[in-house]
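Residue numbers (this note's numbering): 63 to 550. Note that CB positions come from ideal geometry on N, CA and C, so glycine has one too. In what follows, a structure is listed as structure tokens, so that the remarks can point back to it.
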Amino acid sequence: DLTFLHPRTAHLDRLYGGLLVDGFDVESCHSRYQSAMYRRNPGRRPSPYLISKLRRHEALQRRCGPGTAAYSNALEQLKSGKSVASPECTYIVSISYRGIGNRILAAASAFLYAVLTDRVLLIDPSNEMDELFCEPFPNTTWLLPPGFPLTDYANFSIDTAESYGNMVKNKVIRSDVGVADDDVPTAAQLPAFAYVHLNYDATIEDNSFFCGDDQRLLRRIQWLVMRTDSYIVPGLFLVPAFQEELDALFPERDAVFHLLGRYLFHPNNHVWGLVTRYYDTYLAAARQRIGIQVRVFGGMPDSPELLEQITTCTQKEGLLPEVLPAAGEPILPASRARSKAVLVTSLKSWYYERMKSMYWELATATGEVVSLHQPSHEEFQQSGARSHEHKAWAEIYLLSLTDVLVTSGRSTFGYVAQGLAGVRPWVLYKAANSSAVPDPPCGRDVSMEPCFHKPPGHDCRLKQWADPSKDVPYIQHCDDAIWGLKLV
Ligand code: GDP
């Protein structure tokens, strides 16, 4: 009984206010009903409307998902290449590529789109996506089964002829047909599937996905395959047809990924073992836990400037105590009752080693005890390698169990951690010049939402460049990526 270990959180609601559904097999996924016991921050409450919508969506996934007659029929339709007038079920396949942070944000984005448009979500199992998580929907699978007729889907790119953008550009389909009710394109005029390219390199035509007329047309296409490496959710808030529904689902707009993330992403039993053993051994006993995500890249040399940026940020913002000069005598005796445990995650160990030495060699000005911990240092990104992916996911999750977060700007790895944690992080700004420490070294993020790095910059009606954030009070440019957009 874990409540014995975590008396502080024993009262917590393991279903997160109805976000999760009861009745899953407990053994198959320990994290699903145990995670609330590891969270000091109970997080935001889901709206009653979100809860009812999730239950209805789970039923849809069961009725139409792999193994059902509806699914077999839809596959036949896809093989025939022809569209059907009013299909029983419609689908969206989310391609899984790049790092785990990107993949999680892509899956969450595709899920929200699926909920808004009553499509069944199917996740491309590439890059261990079939292995890292428990199933989120009861009695069905969210994984795209083997043998999908579009055999080359994982290689779809900006050049794919069946991309929505290319079909619009080449007038294979027309978004202005079907706008009036008496002007509906016949099924024969529509393809059985469209590839939706919402990658960082999306064209204006690809990004017309975020326009109302295009959504009306896309609704009639039974199969969509989507590629994104970003969090496109702020873009969905720009589509007029979705706004009313989104308002009802998420009265608190800064908690969209927070709720979707806690609903969808449960570590499998192996990863949960990595998370809980580490947490219980190194983090549980401290009075406060601080997570520091140091996103560095394989070839980068260790940077004294980045180290200084981290220490200046954490000390200036009062997250970690300052240290006394070498000969300084502590004014207050060190006290275990005022201990801080710091979880550092990084591909390199240098930053952690240096901080650990500093807090060993020098006394803290406050008498606080600071311990440092870094679970792994994998040196290079190895997306798709099983044990590497396990560690990356475990470390994102561990960061999300800390009380205070310091993250690296523009990193989807950090975005996922802050969203699951439900905290606004202190963001280490990217240095314009790598030999200088940015001033200020960090700033408090305006919300816990991830940033949509490459949003559409095009007005659907006027067909010209426009800043979509200017008319929408709850969408702002991101501090860490000024061209990006985020919900606040
Ligand atoms: P982003 O590139 O920072 O947006 O984050 P992603 O998660 O999409 O891609 C980075 C990938 O590099 C991760 O998925 C890991 O494979 C690896 N990686 C980066 N930072 C860390 C880290 O702190 N710990 C571990 N274990 N892996 C990391």
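In chain order, what are the residue ranges of uninterrupted alpha helix (DSSP H) at least 4 long that sit wholly in the segment 363-413? 366-378
Which whole-angstrom value describes the C-beta separation of Val337 and Leu460, a residue pair presumed to lie in contact below a C-beta threshold of 8 Å? 6 Å
Between the CA atoms of Ala216 and Leu206 - distance to the nearest angstrom: 12 Å
Rounded to whole angstroms, how far is the Cβ of Leu178 from the Cβ of Glu451, which I believe are closer than 8 Å? Going by Cβ atoms, the distance from Leu178 to Glu451 rounds to 29 Å, so no, they are not a contact pair.
Cβ separation of Val468 and Leu490, assumed to be a contact under 8 Å, to the nearest whole Å: 6 Å
Contact set for Leu424: own chain, Cβ-Cβ below 8 Å, skip 5 residues either direction: Val385, Leu386, Pro387, Ala388, Gly390
So what's Met288 in DSSP terms, helix, strand or just coil? strand
Nearest-angstrom Cα distance between Arg523 and Cys151? 31 Å
Tell me whether Gln277 sits in a helix, a strand or coil according to DSSP, three-state version. helix
Using 6 Å as the cut-off, classify the Cβ of Leu409 as near or not near the heavy atoms of the ligand PLP, replying yes or no. Of the ligands this structure carries, namely the ligand GDP, none is the ligand PLP.
Do three or more CB pairs link the segment 156-166 to the segment 470-489 at distances below 8 Å? yes
According to DSSP, simplified to helix, strand and coil, what is Phe272? helix
For the ligand GDP, I want to know if Ile266 counts as a neighbour, meaning its beta carbon is within less than 6 Å of at least one of the ligand's heavy atoms. no
If you follow the beta strand (DSSP E) that Gln355 is in, where does it begin and where does it stop? 350-356
Taking buried to mean at least 16 other C-beta atoms within 10 Å of its own C-beta, is Asp291 buried or exposed? buried
Using a Cβ-based criterion (distance less than 6 Å to any ligand heavy atom), does Gln377 qualify as near the ligand GDP? no
Cβ-heavy atom distance between Gln96 and the ligand GDP below 6 Å? no
Does the distance from the C-beta atom of Pro517 to that of Gly297 stay below 7 Å? yes
Touching or not, the segment 395-404 and the segment 361-373, by the rule of three or more beta carbon pairs under 8 Å? no
If we require 4 or more residues per run, which alpha helix (DSSP H) segments fall completely within the segment 129-177? 131-142
Could you say which of Thr222, Arg315, Ile544, Cys504 lies nearest to Gln355 if we only look at CA atoms? Cys504
Starting from Gly323, follow the alpha helix (DSSP H) in both directions and report where the run begins and ends. 318-326
Verify the contact flag: Gly353, CB atom, against every heavy atom of the ligand GDP, threshold strictly below 6 Å. no
7 Å Cβ cutoff met for Ala172 and Ser156: yes
Counting C-beta neighbours from all protein chains within 10 Å, is the total for Gly353 16 or more, i.e. buried, or is it exposed? buried
Assuming Gln350 contacts Lys402 (C-beta within less than 8 Å), just tell me the rounded distance between them. 5 Å
Runs of 4 residues minimum, wholly inside the segment 101-127: which ones carry the alpha helix (DSSP H) assignment? 110-126
Skipping 5 residues on each side, what residues in its chain have a beta carbon closer than 7 Å to that of Asp573? Because the chain here runs from 63 to 550, residue 573 falls outside it and cannot be looked at.
Locate the alpha helix (DSSP H) running through Phe255, then write down its first and last residues. Premise fails: Phe255 lies in the beta strand (DSSP E), 255-259, not in any alpha helix (DSSP H).
Is Ser473 near the ligand GDP, with its Cβ less than 6 Å from a heavy atom? yes
Beta-carbon separation (whole angstroms), His439 vs Leu409, contact threshold 8 Å: 6 Å
With 16 other Cβ atoms within 10 Å as the buried cut-off, status of Thr343: exposed
With DSSP collapsed to three states, give me the class of Phe442. coil
CA-to-CA distance, Phe514 to Gly551, given in whole angstroms: The question about residue 551 has no answer, for the chain in this structure spans 63 to 550.
Residues near Leu345 by beta carbon distance below 6 Å, same chain, minus five either side: Arg351, Ala403
Would the beta-carbon of Val295 fall within 7 Å of that of Gln277? no
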